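Going down the list, the protein sequences come from chains A and B.
With my numbering as the guide, the letters of the first sequence map in order to residues 58 to 723.
With my numbering as the guide, the letters of the second sequence map in order to residues 9 to 343.
Reviewing the structure listed below.
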Amino acid sequence: MRVNYNWLTEWVDIDLEPYDLADMLDHLGIEVEELDITANDAIFTLEITPNRPDLISVQGLAREIAAKTDKKLKKVIDYQIPEEHAQNKEFALAVTTESKEDCARYIASIIHEIEIRPSPPIISERLEKCGIRSINNIIDITNYVLLEVGHPLHAFDYNKIGKEIIVRRAKNGETIKTLEGEEKELTNLDIVIADNKKPIAIAGVIGGEESGVSETSRTIVLESAYFNPTLVRYTSKRLKLSTESSYRFERKADIGMLKNASAYAIYLLKEYANGKLVGKVIDTNPSPYIHKEVSFSYEKVNRLLGKDVKKEEVDRIFNKLSLQKRGNDNHPKILIPSFRRDIEIMEDLAEEIGRFIGYDNIEATFGYRSENPISLEGKEILAVKKIMPSLGFYEAMNIPFIECSWAEIQDKNPIELKNPLWSDKSILRTTLLPSLISSIKRNLNSGEERVAIFEVGRIFTLDDGEEEMIAATLAGEIPPNWYEEKHPIDFYDLKGIVVTLLEKLNIQEYKFSGCKDSLFKEERALSLLINTETIGCFGLLSQDVCKVDIYGVEFNLQKLLSGSTKRIKFGGTYRYPPVKRDLSIVIDEGKPYEDFKNAIKDAVVNDVQIELIDIYKNSSVGKNKKSLTFRLELYHPEKTLTDEEIEEDMENVIKKLSKLGAHLRK
Amino acid sequence: MKLNELEKNAKKEIEQSVCVDELEKVRIRYLGRKCELTRILHSIGDLPMEERPKFGRVVNKLKNELEGLIEKKKRALEKSKTLPWADLSLPGRRPFIGNLHPLTILYQEIINVFIEMGFSIVFGPEIETEYYNFTALNTPPDHPARDMQDTFYLKDGRLLRTQTSPVQIRTLEKHAPPLRIISPGRCYRVDTFDPLHSPAFMQIEGLWVDRDVSMADLFGTLKIFTRKIFGEETIIEFLPSYFPFTEPSADLWIQCPFCRGIGCTVCKKKGRIETLGCGMVHPNILKNMGYPEFTGFAFGIGLERIAMIKYNINDMRLFYQNDLKFLRQFNESKL
Ligand SMILES: [Zn+2]
């Protein structure tokens, strides 16, 4: 809400400059969002917490400032509704409230012979400063009272409504055209003010257009009422209509303020619109139950605050806040004024004490007295994250909403948002890849040559719920350098990264197999299996929209980690130097390298490391043939191998390879 | 040649050798099989019997001495052996190394502070029910405080958690207090994606329940946290606030690091910046969980907000745009 400094000083003497007042308000928990200092005034924009409806008014703020600065309020709204008004049979009106739950009290006054004209500057200027547009003296006066004492009022044109006011639930399907000119359909969860024919206002939210005050109005009905906060809130939400009035009602307006607000408005209407009260003021509940007591304990509150606040200090604070102590000091009860509906339990009173002594005066302590029974989670996830940068990847983070077309491609059942922020991104991500693809493209477009990013996060499906995933994407080219030519990133760059990740995670038992995931290009992708369970896929992404080649990988993190051997086995270091032998073979072009590598491994009796050091295709090799060159490192843990032992292994290898259709390259 | 003359010449030649090859020639000349010294040694037969042992000792001593000098000179020469010129100003061959996300770096830093203070880390689902996200946290459906957290709902009626506090309820269901937990994770609120808001964000919440935990303990815990994260000299302040799940409630403000408290546009001339919300767990919550005899405190840290203050970042969207030019700047080795 907005409020100006000068209006506040009409209520309480303020010895503080606007900036210092703002600081004091901050320290009371009334956050000053903005302070706008003008020539001879200052405007405060305040963020009032939802528990303090009393502070959404000049009166409430002045009360708080007075309490903090030990001042008395200069102004008191204590107008009486004049008793000696003219009795005039002409102005009949009856008020019925169907339910006290919905409307605890309704005060209606008829004011006659009003003169509609612009408001005097004292009213219009203050309204403008507080962010309300000045319309005419009648509407402005209801708003002025709202701002000053915090209670919403409404004015009907007496001649446009029937002579009966009924506060009731709307019938399902009933409609009303609001002051803003919009037709609203109502349900039986909305409270309406109706005459004998139809609704004339949506209770606590907005008036109807037809029954509203206009240039031609001569007689008005002034409403001062208390409506059920929950229902007002519900209606305001459902109709997407948040008004100054609904804002205050849904936060529990002060039911003790109704009569004063009425009387004050009647006084102002006489003063500035020449209006005369006629007929009898109707009040459906002249003495509502507003009495509330809260049990209190000095000792418990001190324990909660962690500070020894003296009894006299507490009493002094209570006194300033109009909180009256009843009963003896061992079991006191605190009587809560009607404008402080937020105080319901002792802890609320503890907060009041804390606020007024100042949190700065509670000395910070640290130390625990009990052991903690809960164990630590989530260490593994961070361990995985930490490996990725060393493989050249930057960590990305994305908002987990994606287009539903992705789920269709994946044939997954997505979880749909009821109120998406972006209408095209209406599902929770079923894969981390789409957002990473977008990020890759943005980076390539902005001139990056090689982009490698990864993300760890959850995906969501109806079938499997929430799953923690790791995904990475890689695209572009290795840029040219003085020591190497540029070359595009390809499948083997990614495969090397995947294998290194598996190694770093200490995952030894795994298999690669064909990839059936529709996000990937089958001919350039593999799936990873651990214990026959598919962990995920990696390879070239198949999205036609990618336009550029993007390589991606996505693994289920928990399943991946399930393959990690926790204990590191140390196998000794070989003291005897290995013997290196290169071996070139010629095979059919379509045959996979791995078959031959495995054959070599099987054939060798001794320990062996096998590296593929060359692939060669040329007419000299033969049509549809290729040549592979392997480098074998043969070794034995306990001795240096003899020439004979090496030759024996090599012979076995050649025999085995020729069975697979390979022959030695000349 | 006389022995002393030989000694003088040999030492001079060793000294003057400029490369290993030249030194080797010197060695062969004086100490090789056909060298001067051997020749002199062989001439021992010409001497009278009684002079021979002494002469032998002198020659051998010289031989050893020269060998030592040559060896020493050789080492010195090898050290200064010149290599062909290379342009050392050429750039080095660099491996590709990435970075963790700034939010992960800060996350880990924060988590470690609380682990040191004896907290445990607990995770929970991002998809939640009304009950865990609101009702159990003293925020029934008609509560105006719900406006503070505009919620994403799912078509099946569940919702995306607006805070990680549901984890606190889930933990209290499984474990009786006393306990100290940190529940980190992603949360969601219907907010426009702008410099100060994001529909998804990271939160780190803390809960400490024990007998007679007080606001003084809360302030003490968060004081340690802010000093570790923002520096020992950080000035902090607690101001009253409101949350439906805490009573009393407070906001932690730190002195504006941009103007050192003088007042600037970042802090809207306040000289301090709102950093996180906290308070004493609302007694209704502990009562509903069956622990009315306990008290506790809770706090919620918005990771993006802390990162923006700590790294002086003015646009929250940068955390979610994955621009390498941004991500490259976060080399934190503190992990
Ligand atoms: Zn500042």
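Built from N, CA and C at the ideal position, the CB exists for glycine as well.
As the structure is a prediction and not an experimental result, all values here were calculated from the model.
Cβ neighbours of residue i in the same chain (closer than 8 Å, five flanking residues each side left out)
{"i": "A/Arg383", "result": "Glu350, Pro389, Lys390, Ile391 and Leu392"}
{"i": "B/Phe266", "result": "Cys272, Val274, Cys275 and Asn320"}
{"i": "A/Ile113", "result": "Met58, Ile105, Gly207, Tyr304, Arg305 and Arg308"}
{"i": "A/Glu301", "result": "Ile189, Asn200, Leu203 and Pro209"}
{"i": "A/Glu505", "result": "Gly533"}
{"i": "A/Asn331", "result": "Glu170, Ile171 and Glu172"}
Test: residue i CB closer than 8 Å to a CB of chain B
{"i": "A/Met454", "result": "yes"}
{"i": "A/Glu534", "result": "no"}
{"i": "A/Glu404", "result": "yes"}
{"i": "A/Ile472", "result": "yes"}
{"i": "A/Ala407", "result": "yes"}
{"i": "A/Thr287", "result": "yes"}
{"i": "A/Tyr355", "result": "no"}
{"i": "A/Tyr291", "result": "yes"}
{"i": "A/Ile670", "result": "no"}
{"i": "A/Asp520", "result": "no"}
{"i": "A/Arg412", "result": "yes"}
{"i": "A/Arg183", "result": "no"}
C-beta neighbour in chain A for residue i, strict 8 Å
{"i": "B/Tyr140", "result": "no"}
{"i": "B/Glu15", "result": "no"}
{"i": "B/His109", "result": "yes"}
{"i": "B/Leu145", "result": "no"}
{"i": "B/Leu31", "result": "no"}
{"i": "B/Glu124", "result": "no"}
{"i": "B/Lys342", "result": "Per-residue confidence for B/Lys342 stands at a pLDDT of 47, beneath the threshold of 50, marking its modelled position as unreliable; no derived number is given."}
{"i": "B/Ile129", "result": "yes"}
{"i": "B/Ile94", "result": "One point to set straight first is that residue 94 of chain B is Ala, not Ile, in the sequence displayed. Not an interface residue."}
{"i": "B/Cys330", "result": "For the sequence presented, residue 330 of chain B should be read as Asn rather than Cys. Interface residue, yes."}
{"i": "B/His50", "result": "no"}
{"i": "B/Asp218", "result": "yes"}
{"i": "B/Val198", "result": "yes"}
Sequence-distant residues of its chain with Cβ nearer than 6 Å to residue i (five each side left out)
{"i": "A/Ile339", "result": "Val152 and Ala165"}
{"i": "B/Val128", "result": "The identity of residue 128 of chain B in the sequence shown is Ser, whereas the question assumes Val. Answer for B/Ser128: Ile189, listed in chain order."}
{"i": "B/Arg60", "result": "Ile52"}
Beta-carbon neighbours of residue i, restricted to chain A and to distances below 8 Å
{"i": "B/Met316", "result": "The contacting residues do not exist; B/Met316 stays about 14 Å from chain A at best."}
{"i": "B/Gln116", "result": "Leu439"}
{"i": "B/Tyr250", "result": "Gly86, Thr106, Pro107, Asn108 and Arg109"}
{"i": "B/Tyr161", "result": "Leu474, Lys475 and Asn476"}
{"i": "B/Glu245", "result": "Tyr416 and Asp417"}
Under 9 Å from the C-beta of residue i: neighbouring residues of chain A
{"i": "B/Pro186", "result": "Tyr425, Arg426, Ser427, Glu428, Asn429 and Pro430"}
{"i": "B/Val121", "result": "Per Cβ cutoff of 9 Å: no residues; B/Val121 is ~12 Å from chain A at best."}
Own chain partners of residue i with C-beta closer than 7 Å, once the 5 adjacent residues on each side are dropped
{"i": "A/Ile667", "result": "Lys654, Ile657, Lys658, Phe687 and Leu689"}
{"i": "A/Lys442", "result": "Glu452 and Val513"}
{"i": "B/Lys342", "result": "For B/Lys342, the predicted structure reports a pLDDT of 47, less than 50, and the residue's modelled location is therefore unreliable. A value from the coordinates is still provided. Hits under 7 Å: Glu117."}
{"i": "A/Asp197", "result": "Ser176, Ile180, Ser181, Leu184 and Ser191"}
{"i": "B/Phe302", "result": "Pro185, Val217, Asp218, Arg219 and Leu294"}
{"i": "A/Met454", "result": "Glu512"}
Assumed close pair residue i, residue j - CB separation to whole angstroms, cut-off 8 Å
{"i": "A/Val202", "j": "A/Val115", "result": "Between A/Val115 and A/Val202 the Cβ distance is about 10 Å, and since that is not below 8 Å, they are no contact."}
{"i": "A/Leu86", "j": "A/Thr106", "result": "Note that residue 86 of chain A is Gly in the sequence shown here, rather than Leu. The Cβ separation is near 7 Å, so the contact holds."}
{"i": "A/Ile642", "j": "A/Leu721", "result": "6 Å"}
{"i": "A/Ala528", "j": "A/Leu474", "result": "About 21 Å; that fails the 8 Å criterion."}
Interface partners of residue i on chain B, CB under 7 Å
{"i": "A/Arg308", "result": "Pro152"}
{"i": "A/Ser352", "result": "None at all; the shortest Cβ gap to chain B is about 12 Å."}
{"i": "A/Val75", "result": "First, the amino acid is wrong: residue 75 of chain A is Pro here, not Val. Within chain B, no residue comes near A/Pro75; the closest Cβ sits about 11 Å away, beyond 7 Å."}
{"i": "A/Phe450", "result": "Gly106"}
{"i": "A/Ala421", "result": "Ala224, Phe227, Gly228 and Lys231"}
{"i": "A/Ser496", "result": "Asn330"}
Beta-carbon neighbours of residue i, restricted to chain A and to distances below 7 Å
{"i": "B/Arg101", "result": "Tyr540"}
{"i": "B/Ile36", "result": "Per Cβ cutoff of 7 Å: no residues; B/Ile36 is ~34 Å from chain A at best."}
Closer than 9 Å at the beta carbon, the chain B residues around residue i
{"i": "A/Thr199", "result": "Under the 9 Å cutoff, chain B gives no residues; its nearest Cβ is about 23 Å from A/Thr199."}
Closer than 8 Å at the beta carbon, the chain B residues around residue i
{"i": "A/Phe517", "result": "Glu134 and Ile135"}
{"i": "A/Ala509", "result": "Phe104 and Gly106"}
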